[in-house]
Structures are given as C-alpha cells and as structure tokens.
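Engineer: Here it is, the structure, as structure tokens.
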Amino acid sequence: MKYQSQKVAYAYFLAAMALFGIQVLGGLLLGWIYVSPNTLSEVLPFNIVRMIHTNALIVWLLLGFFGAAYYLVPEESEREIFSVRLAYIQLAILVVGTLGAVGSYLVGIHGGREFLEQPLWVKVGILVAAVIFLVNVSLTFLAGRKTAITNILLMGLWLLCLLWVFAFINPDNLSLDKMYWWMVVHLWVEATWELVMAAILGFLMLKLTGVDREVIEKWLYVIVATALFSGILGTGHHFYWIGAPGYWQWIGSIFSTFEVIPFFAMMSFAFVMVWKGRKNHPNKAALLWSLGSSTVAFFGAGVWGFLHTLHGVNFYTHGTQITAAHGHLAFYGAYVALNLAMFTYAMPMLRGRDPYNQVLNMASFWLMTGGMAFMTFTLTFAGTIQTHMQRIVGDYYMDVQDQLGLFYLMRFGSGVAVVLGALLFIYSMLVVRREVVKPGPVAVPGE
C-alpha cells in the first residue's frame with residue numbers, strides 16, 4: 001500500500017465477502033424451492049428468501065464499490081483519505097442497516113416493493129452513509145491530483161447516491177410508482193454503476209498492464225459517453241407495459257439497442273490494454289477476473305439484454321425465465337466479477353502477503369463462470385418454452401411450470417457450482433498459502 005488509509009478498504013471487502021456468501025447460499029435455496037416448492041414454505045417463504053438474496057447482492061456490491069473507492073482514490077489523488085474514522089462509521093451504519101433489514105424481513109416487516117423492501121429507518125441509514133461517503137471521498141479528491149479515473153468514479157458514485165432519494169417516493173398510482181422505482185433500479189445498474197465499473201476497470205488495467213494513462217483515459221471517456229447516452233433513455237424499456245405513453249416503446253427499443261455499445265467497448269478496452277501492455281504483472285488471477293468481467297458483462301448485459309429488449313419481443317417474453325437468465329449473467333459479469341477482480345488485486349497488498357492462493361482463485365473463476373453460463377442457458381431454454389406455452393398457446397401458468405421441472409433441476413446443479421466457486425474464492429482470499437520450503441544442500445564435513 002502507498003497510503004496507510006487505504007487499509008479501510010480491507011474492512012469493506014471482508015463485509016462484502018461475508019454478504020456474498022449469504023447471497024449465493026440464499027440463491028441456492030431459492031433454486032431448490034423451484035424444484036421442490038414446499039421446502040421451508042412455513043418457516044422461510046420464497047418471497048422472503050428472495051428479498052434476502054437480492055438485497056444481499058445489492059449491498060455487498062455497494063460495499064465493494066465503496067471499498068474500491070477507498071482503495072483507489074488515495075492512490076489516484078496522491079494523498080490519504082480525508083477521514084478514516086468517517087469511513088468506519090459509514091461501514092458500521094451499512095452493516096447495522098443490513099442486519100436490521102434482514103431481521104425485519106424474517107418477521108414479515110418489509111415495504112413490498114421489489115429490491116426496495118427495506119424499512120424506512122434502513123433507507124434513511126443508507127442515505128446517511130451515502131452522504132458520509134460523498135463528503136469523505138469528495139474532500140480527498142478535491143485536495144489532491146485529479147485524474148479521469150477518479151473523475152468518472154466520483155461522478156458515478158455521486159449520481160448513484162443522489163438517485164437513492166427516489167427510493168423514498170412511493171405514490172399511490174401504480175404507474176407512477178413504477179416510474180420512480182425504475183429511477184433507482186434501472187439508472188443504477190444501467191447508467192451510474194456502469195460509470196463505476198468503467199473507472200475500476202480502468203484502474204485495474206492501468207496497474208496490471210502498464211499501458212499509458214492517456215490511452216486508458218481516452219477509452220474511458222468514450223465508454224462513459226456511450227453508457228450515459230444509451231442508458232438514460234434506455235430506461236424506456238421498463239415503461240412498455242406499466243401504463244406509460246406509447247412513445248416509450250420506440251424510445252426504449254432504440255436506446256436499449258445502443259446499450260450494447262458501452263459493454264462491447266469495455267470488453268474491447270480490456271483486451272486491447274492487455275495486448276498493448278508492457279508489464280508482466282505477477283497477479284494473473286486479477287487479470288483473469290478483469291478480462292472475464294468485461295467479457296461476461298458484454299454477453300450478459302449486452303447480448304442477453306438485447307435478446308428481449310425490443311418491444312415487439314418483450315410483449316411476449318416479459319417476466320418469464322428469459323428475464324432471469326439476462327439478470328443473472330449481467331449482474332455476475334458486470335458487477336460481481338468486477339468486484340472480485342478488485343478484491344483479488346487489492347487483498348494481497350492490504351494483507352501484506354505474497355504468495356497467496358492464486359491457482360485456487362483462478363479455479364473459483366472458472367467454477368463460478370461456468371456455473372453461471374450453464375444457468376443462463378438453462379433459464380433461456382426454460383424461458384423460451386414458457387413464452388411459447390404460456391404467451392402463445394395460452395396454457396395456464398402453473399401447468400407450464402410443471403413442464404419446466406427438468407430445467408429447474410439443471411439450474412440448481414449450476415447453482416451448486418456457483419456456490420462452490422464462491423466459497424473457494426473466499427477461502428483463497430483469506431487463507432494464506434503455505435510456503436513449501438525446499439531443503440538446502442547437506443553439509444559436508446571438512447577435512
């Protein structure tokens with residue numbers, strides 16, 4: 001570490017990995033409930049487990065982003081973080097809020113709005129934590145060196161935190177409610193988070209490949225411009241069937257098609273930087289996660305998103321397992337793998353140790369990525385059959401679900417691979433690899 005205050009990131013990464021473990025285990029339970037629907041139905045109903053699964057995902061990704069910011073902002077700004085104490089207070093608020101939300105879900109207290117189910121006091125806590133974070137990193141940024149990476153990162157994080165205000169708006173009119181709801185959900189994952197992703201990926205490429213900063217910065221500005229141009233009006237693909245005016249069907253279809261471009265640009269950027277790179281960095285696992293993140297994001301968010309984004313297609317596929325296929329691969333590639341790339345790069349330095357379990361880390365990448373790819377294919381096939389039987393033929397929903405049992409069983413198998421990969425990743429991060437001490441030459445007696 002160049003700056004001692006970067007150590008704050010370690011606590012954020014640990015909390016994120018703990019929630020990551022909870023999230024994937026919750027997902028595995030949900031996968032089994034699809035196979036055997038009455039599992040724990042009295043104790044832990046499906047909707048409650050799903051809340052924990054999705055909320056844990058969102059919170060651990062945010063913790064990862066905050067930790068990444070606390071790691072890279074001092075290095076880019078060439079100064080210590082404004083206040084380490086504030087950073088730890090922010091983390092404590094987020095952890096207490098998360099535990100409070102999970103506890104309230106388990107006793108049936110929740111807001112009922114998908115992804116924004118948190119009780120009001122938790123939402124206020126998240127807002128306070130966001131304000132603390134913005135003050136802390138902004139004062140660090142303003143007092144130090146300005147770079148494109150920190151400019152883009154701060155822009156993404158500022159917009160991310162400001163958009164959280166829409167989580168408090170809950171109109172009685174369902175169409176208006178959904179419009180405000182997407183202001184958080186869509187403009188996070190398909191606009192502001194893309195900026196954060198681009199900045200972190202740029203930082204990793206800078207450190208791992210040794211390519212000139214000017215080259216990386218030019219790529220980043222192109223990626224950010226295309227992400228905002230397509231992502232903001234791309235919100236329209238969520239307005240097709242909620243009672244919004246008909247023109248959103250054309251705006252949503254056109255701009256959603258453009259949303260493929262920033263993800264293709266990020267994938268091209270990562271591979272071109274590695275190809276041009278002069279540095280043979282020893283952390284091959286971090287490089288693998290960085291390249292994997294941008295590639296899987298292109299297929300998950302770009303290709304699978306485009307598959308069902310045109311309103312003529314979405315009319316039939318909306319809300320089927322095709323949506324689930326896209327959601328899983330997109331989140332995994334764009335944000336999960338990116339956070340894991342950052343953890344893989346930073347943790348050896350935060351813990352001050354080398355070597356670490358690089359081979360196990362890379363094995364976890366292939367286990368998780370392979371499992372997620374197989375899950376995506378099984379859900380895509382299930383969704384295609386579901387769309388035809390339910391939306392074209394007109395069969396009843398539950399009759400169709402009975403026909404999809406084989407696909408749900410295969411999806412559960414792929415979930416097992418993802419969970420094993422996640423646990424292997426956490427192990428490789430936290431458990432020190434033992435050095436094999438080779439015996440030296442045997443002493444020969446003198447004359």
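As numbered in UniProt numbering, residues 1 to 447 make up the sequence shown, in order. Ideal Cβ placement from N, Cα and C applies to all residues, glycine included.
If I'm right that S414 touches T378 with Cβ under 8 Å, what's the distance once you round it to whole angstroms?
Structural biologist: S414 to T378, Cβ: 7 Å. Contact.
Engineer: Exposed or buried, which one is V400 when buried takes at least 16 other CB atoms within 10 Å?
Structural biologist: Counting Cβ neighbours within 10 Å, V400 comes out buried, since at least 16 surround it.
Engineer: What is the residue span of the alpha helix (DSSP H) that T239 lies within?
Structural biologist: Correcting the residue type first, residue 239 is Phe in the shown sequence and not Thr. Premise fails: F239 is in no alpha helix (DSSP H) and is neither H nor E.
Engineer: Using only alpha-carbon positions, find the residue among V215, Q23, G210, F168 that is nearest to R113.
Structural biologist: Selected option, being the one with the closest Cα: F168.
Engineer: Taking Cβ to Cβ, would you say M266 is nearer than 8 Å to A198?
Structural biologist: Contact flag set, yes.
Engineer: Drop a sphere of 10 angstroms on the beta-carbon of Y247, count the other beta-carbons inside from all chains shown, and report buried for 16 or more, exposed for fewer.
Structural biologist: The residue in question, Y247, is exposed, as its Cβ has fewer than 16 Cβ neighbours within 10 Å.
Engineer: Can you look up M1 in the DSSP assignment and give me helix, strand or coil?
Structural biologist: Reduced to three states, the DSSP call for M1 is coil.
Engineer: From M372 to H328, what distance separates their C-alpha atoms?
Structural biologist: So the alpha carbons of these two residues sit roughly 7 Å apart.
Engineer: Exposed or buried, what is V8 when buried is set at 16 or more other beta-carbons lying within 10 Å of its beta-carbon?
Structural biologist: Buried, by the Cβ-count rule.
Engineer: Tell me which residue opens and which closes the alpha helix (DSSP H) that N314 is part of.
Structural biologist: From DSSP, the alpha helix (DSSP H) with N314 extends over 311-317.
Engineer: Quick check: the Cα distance between H308 and R391, rounded to an integer number of angstroms?
Structural biologist: About 14 Å.
Engineer: Taking its Cβ as the centre, do 16 or more other Cβ atoms sit within 10 Å of F66, making it buried, or is it exposed?
Structural biologist: By the neighbour-count rule (16 or more Cβ atoms within 10 Å), F66 is buried.
Engineer: So Y70 and A87 are supposed to be a Cβ contact under 8 Å. How far apart are they, rounded?
Structural biologist: Confirmed, Cβ separation roughly 6 Å.
Engineer: Decide if Y221 is buried, meaning its Cβ has at least 16 other Cβ atoms within 10 Å, or exposed.
Structural biologist: Counting Cβ neighbours within 10 Å, Y221 comes out exposed, since fewer than 16 surround it.
Engineer: Below 8 Å between beta carbons: does that hold for S268 and G234?
Structural biologist: Not a contact, by the Cβ cut-off of 8 Å.
Engineer: Can you tell me where the alpha helix (DSSP H) with P262 in it begins and where it stops?
Structural biologist: Unbroken alpha helix (DSSP H) run through P262: 260-276.
Engineer: Does the beta-carbon distance from P74 to Y3 come in below 8 Å?
Structural biologist: Taking 8 Å as the Cβ cut-off, P74 and Y3 qualify as a contacting pair.
Engineer: Which residue's Cα is closest to the Cα of F166: V96, L57, S293, V185?
Structural biologist: The option with the nearest alpha carbon to F166 is V185.
Engineer: Please check the pair F203 and L72, which I expect to be a contact at CB under 8 Å, by giving their CB distance rounded to whole angstroms.
Structural biologist: Going by Cβ atoms, the distance from F203 to L72 rounds to 5 Å, so yes, they are a contact pair.
Engineer: Let me know if G27 comes out buried or exposed under the rule of 16 or more other beta-carbons within 10 Å of its beta-carbon.
Structural biologist: Result: buried.
Engineer: Quick one, which of D172, D177, R213, I232 has its alpha-carbon nearest V189's?
Structural biologist: The shortest C-alpha separation from V189 is found at I232.
Engineer: Counting Cβ pairs, one atom from each stretch, are 3 or more of them under 8 Å apart for the region 74-84 and the region 141-158?
Structural biologist: Cβ pair count under 8 Å is three or more, so yes.
Engineer: Can you give me the start and stop residues for the alpha helix (DSSP H) that F133 sits inside?
Structural biologist: Per DSSP, F133 belongs to the alpha helix (DSSP H) from 120-143.
Engineer: Kindly indicate which three-state DSSP category residue 457 falls into: helix, strand or coil?
Structural biologist: The requested residue 457 is not part of the displayed model; the chain covers only 1 to 447.
Engineer: What are the boundary residues of the alpha helix (DSSP H) that W188 is part of?
Structural biologist: Careful: W188 lies outside any alpha helix (DSSP H) and carries neither H nor E.
Engineer: Cutting at 6 Å between CB atoms, please list the residues of its own chain near T384, excluding the five before and the five after it.
Structural biologist: Within the same chain, T384 has no close Cβ partners at all.
Engineer: By the three-class DSSP mapping on this structure, what secondary structure does residue 448 have?
Structural biologist: Nothing about residue 448 can be reported from this structure: the residues present for the chain run from 1 to 447 only.
Engineer: For F13, which of helix, strand or coil comes out of DSSP?
Structural biologist: F13 falls in the helix class under three-state DSSP.
Engineer: Using DSSP with H/G/I as helix, E/B as strand and the rest coil, what is G252?
Structural biologist: Helix.
Engineer: Would you check if there are 3 or more beta carbon pairs closer than 8 Å linking the region 170-184 to the region 130-141?
Structural biologist: Output reads no: the region 130-141 does not touch the region 170-184.
Engineer: Can you check which of these residues, W304, F115, I22, is closest to H326 by C-alpha distance?
Structural biologist: With distances taken between Cα atoms, H326 lies closest to W304.
Engineer: For K207, name the three-state secondary structure that DSSP assigns.
Structural biologist: Of the three classes helix, strand and coil, the one that applies to K207 here is helix, per DSSP.
Engineer: On the three-state DSSP scale, how would you describe K279?
Structural biologist: Looking at K279 - three-state DSSP - the assignment turns out to be coil, as it is neither helix nor strand.
Engineer: How many angstroms separate the CA atom of V122 from the CA atom of G97?
Structural biologist: Cα to Cα, the separation comes out at about 5 Å.
Engineer: From F271, L57, W158, pick the residue whose C-alpha is nearest to that of G21; which is it?
Structural biologist: With distances taken between Cα atoms, G21 lies closest to L57.
Engineer: At what residues does the alpha helix (DSSP H) containing F168 begin and finish?
Structural biologist: Note, F168: premise wrong, no alpha helix (DSSP H); not H, not E.
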